[in-house]
Each structure stands twice: as C-alpha cells, then as structure tokens.
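**Q**
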Amino acid sequence: MWPFRNSPKEAAPEHTWGDGTVARYNSRLNFWSFSHDKIEFTLSRVAIDPAALDYAKEILALIRTMDADLKGRVEQELGDWPCDKSKAHIAVVDLSEYAKLRKFDAEFFGDESWGDFSITIIVAEGKITDAYGGD
6 MWPFRNSPKE AAPEHTWGDG TVARYNSRLN FWSFSHDKIE FTLSRVAIDP AALDYAKEIL
66 ALIRTMDADL KGRVEQELGD WPCDKSKAHI AVVDLSEYAK LRKFDAEFFG DESWGDFSIT
126 IIVAEGKITD AYGGD
C-alpha cells in the first residue's frame with residue numbers, strides 16, 4: 006500500500022574476470038571484495054581496478070615466499086596470548102594501496118581460542134613494515 010511499499014533494492018555492482026572470479030561492491034561500506042584461493046581480497050574504491058585479480062595473484066605468490074616471516078611475526082604479536090598460534094591463517098587481504106605503493110595489509114585470524122582477536126601485518130615492497138593486533 007502506498008506510501009509504505011518497499012522499493013526494490015538495486016543489485017550490488019559486480020565485476021567478473023575471465024576466469025569466473027566475481028567482485029561485488031558493498032555500497033554501505035564502500036569497498037569491493039572477491040575471493041581467490043580461499044582468501045578474501047578487498048579494495049576501497051568506487052570503481053573496480055580491473056588489475057585487482059592480477060594483484061591478488063602477485064600477493065599470493067609473495068605470501069607463499071614470506072610464509073615463515075609472516076608466521077613468525079604473528080607469533081611475536083600474539084606474545085603470551087593464551088590461544089592456539091598454530092591455527093593462524095590469512096582471512097582477508099586489503100589491496101587498496103597495492104597498485105600505487107606495492108603495499109597490502111594481511112589480516113590473520115585463528116580458531117575459537119582466538120576469540121575475535123586478529124593480527125594485521127602490513128607488507129610494503131615485499132617486506133613486513135608493521136603489525137598490530139586487535140579485536
């Protein structure tokens with residue numbers, strides 16, 4: 006009944022790459038997100054960067070070569086926190102600054118022993134530049 010009719014919601018914008026990977030825009034939070042190799046990638050921009058999937062693949066290769074350093078930094082940041090450190094895994098990578106600065110943030114989560122705590126590691130030019138934990 007007018008004036009209480011719900012307006013149909015517009016579908017979120019999407020971008021699809023040739024391999025079938027789909028990025029979706031979150032208009033409430035103003036970022037794009039897509040998954041590749043079981044990791045969520047985010048990009049804070051109004052327009053999708055068509056090279057974002059290529060950046061994600063570059064970052065995944067870099068993460069593989071930096072694996073020991075990344076895990077070591079996670080353990081260092083966790084310190085004496087009573088959680089299962091072996092359950093750390095990258096859940097989200099923010100690649101908003103990758104195109105210009107070759108910089109990304111990798112957020113590590115764990116199992117239920119971590120609660121809602123996470124560790125964010127910042128990597129620029131292939132080196133860990135900072136890290137912090139929070140919930």
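Residues 6 to 140 (our numbering) are what the sequence shown spells out, left to right. Think of the CB as a built atom: it goes at the ideal place given N, C-alpha and C, for glycine as much as any other residue.
(1) Could you pull out every residue in the same chain whose Cβ sits closer than 8 angstroms to the Cβ of THR125, ignoring the five residues on either side in sequence?
(2) From the DSSP output, read off the bridge partner residues of ALA129.
(3) Quick check on the burial criterion: 16 or more other C-beta atoms within 10 angstroms. Buried or exposed for ALA52?
(4) Since LEU100 and TYR60 should fall inside the 8 angstroms C-beta cutoff, what is the C-beta to C-beta distance between them, to a whole number of angstroms?
(5) Going by DSSP, name the residue or residues bridged to ARG29.
(6) Is it true that the segment 28-45 meets the segment 74-86, where meeting means three or more beta-carbon pairs spaced less than 8 angstroms apart?
(7) Answer yes or no: do LEU65 and TRP22 have a C-beta to C-beta separation smaller than 7 angstroms?
(8) Rounded C-beta distance between ILE44 and ARG78? I'm assuming under 8 angstroms.
(9) Go ahead and label GLY115 buried or exposed: buried means 16 or more other beta carbons lie within 10 angstroms of its beta carbon, across all protein chains shown.
(10) Provide the residue(s) that pair with LEU48 in DSSP beta bridges, ordered along the chain.
(11) Which whole-angstrom value describes the C-beta separation of THR47 and VAL97, a residue pair presumed to lie in contact below a C-beta threshold of 8 angstroms?
(12) With H, G and I counted as helix, E and B as strand and the rest as coil, what does DSSP make of ALA56?
(13) When you compare the CB positions of GLU80 and ARG107, do they come within less than 7 angstroms of one another, or not?
**A** On the basis of the supplied data:
(1) ASP110, ALA111, GLU112, PHE113, ALA136, TYR137, GLY138, GLY139
(2) LYS108, LYS132
(3) exposed
(4) Separation of the CB atoms of LEU100 and TYR60 is rounded to 5 angstroms, and the pair is thereby assigned contact status at 8 angstroms.
(5) Its beta-bridge partners are GLU19, SER38.
(6) no
(7) no
(8) About 17 angstroms; that fails the 8 angstroms criterion.
(9) buried
(10) TRP37.
(11) So it is a contact: roughly 6 angstroms between Cβ atoms.
(12) coil
(13) Taking 7 angstroms as the cut-off, the Cβ atoms of GLU80 and ARG107 do not count as close.
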